[in-house]
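In what follows, a single structure is set out as structure tokens and then discussed.
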Ligand SMILES: Cc1cc2nc3c(=O)[nH]c(=O)nc-3n(C[C@H](O)[C@H](O)[C@H](O)COP(=O)(O)OP(=O)(O)OC[C@H]3O[C@@H](n4cnc5c(N)ncnc54)[C@H](O)[C@@H]3O)c2cc1C
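Residue numbers (our numbering): 664 to 1066.
In structure tokens:
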């Protein structure tokens, strides 16, 4: 008899896992449960092409809507899993129904971190996490609309770039002294700050949001220096938190994420977890991490599928990520520490350069802006644990593959 695999969360990881398991015909009975109304979709376009209206809704779907029924996957949308009974190996669903499982996969992702200021609940204050969020933003983001964005991380800056292209007047308010400070080195931050300002974004650093003002809806933002910024739309992009409550209530080990081992197994042998919601060991990095990336959602989902198909192998992937802002495609790999050595390769003013990160000569990260070959090489080096000569690396007369 086929094993019943229930997947909680029909996002990137949950959707990928269902697709992978469906390949093993008849071996599994698959139920995929998602609280959103949409079949599994890609979130990256929500702050990029889909926000600008450059791709239709269906193009964001991981698979066409009909795929799941065609493959015999029981896809239940608009349904929340509210409890796990590990002893009975069953779940409670939002409609009150119970559902038993043989193996369970938690792919519950993250939710947005809410901004803790007066006015945060006013209509006109938006986050960008779901299709519904981006659709709501698109109804207001007309040419000339004033948009204030809280947060100069990837999502805030991608949205700023998209909204500028759509003709909006954009202000970005960032608390730190540089943008994307958690993820990239100073030369990359400074380059992006200049790029945004050159495109007409009003970028404020070392500034917080003190209050969102308005009566029936948000009409302005007051910053921490007391300045008032008129707003037709307020966007908040100040990070996310892992969705772990279901796992926690069931007594699974958590610590800023559901704790899993190198095979994506939780502390219960019948329960796995994948994607943004997990904290997991990464052999290449030599430490436990929680990642928020498509790469990790896909690779961990594959890891579970392999484990369930008796082809298990330890998860050991180089983390990678990308960000599109204006004509700038940044590709990133690795997870460098803040005090790693920074080597700039190329001239930022050409809008095509890279920043490498080294620790004791070993490559730990790369940010390549419009230079795909540096990204590919850097990612390979990180995986191999390669030492490189920083002087040769900085010399663009030496082709990257000869460094
Ligand atoms: C605007 C935006 C831009 C991004 N850009 C990039 C990018 O350029 N590159 C990149 O690598 N990554 C990017 N990311 C991150 C990437 O989308 C995530 O890392 C990825 O979606 C994680 O997949 P996941 O399946 O773990 O979580 P999600 O995709 O968040 O899916 C989790 C799903 O589980 C559902 N759920 C949670 N609890 C329950 C429950 N109890 N019952 C039922 N359903 C539940 C949630 O509603 C959600 O639909 C971006 C994210 C956003 C929001």
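For glycine and all other residues, C-beta sits at the position ideal for the given N, C-alpha and C. Note that the coordinates shown come from a computational prediction; the quantities given were computed from them, not determined experimentally.
- Checking the DSSP bridge columns, you'll see residue 944 partnered with 951.
- Between residue 949 and the set 935, 999 and 770, the nearest pair of CA atoms involves 999.
- Contact annotation: residue 799 and residue 1005 have beta-carbon atoms that are not nearer than 9 Å.
- As DSSP reads the structure, residue 809 sits in a beta bridge with 832.
- Shortest Cα-Cα distance from residue 772 to any of 966, 976 and 906 involves 906.
- According to the DSSP assignment, residue 936 belongs to the beta strand (DSSP E) that extends over 934 to 936.
- The beta-carbon distance between residue 685 and residue 935, rounded to whole angstroms, is 17 Å. This is too long to meet the 8 Å contact definition.
- Between the segment 837 to 846 and the segment 922 to 931 there are fewer than three C-beta pairs closer than 8 Å, too few to call the two in contact.
- Residue 1045 is not a Cβ neighbour of residue 1059, given a cutoff of 9 Å.
- Contact between residue 811 and residue 885 is ruled out by a C-beta separation of about 10 Å, above the 8 Å threshold.
- DSSP places residue 995 in the uninterrupted beta strand (DSSP E) bounded by 991 to 997.
- The closest CA to that of residue 922, considering only 964, 953 and 960, is found on 953.
- Following the DSSP letters along the chain, one finds residue 987 inside the beta strand (DSSP E) bounded by residues 983 to 988.
- Under the DSSP definition of a beta bridge, residue 782 lacks any partner.
- By the CB criterion at 9 Å, residue 747 and residue 909 fall inside the cutoff.
- In the assembly as shown, residue 828 is an exposed residue. Its beta-carbon has fewer than 16 other beta-carbons within 10 Å.
- Out of 1053, 675, 903 and 823, the CA that lies nearest to the CA of residue 770 is found in 675.
- Judged by their CB atoms, residue 873 and residue 981 are not nearer to each other than the 9 Å cut-off.
- With 16 or more other Cβ atoms inside 10 Å of its own Cβ, residue 900 counts as buried.
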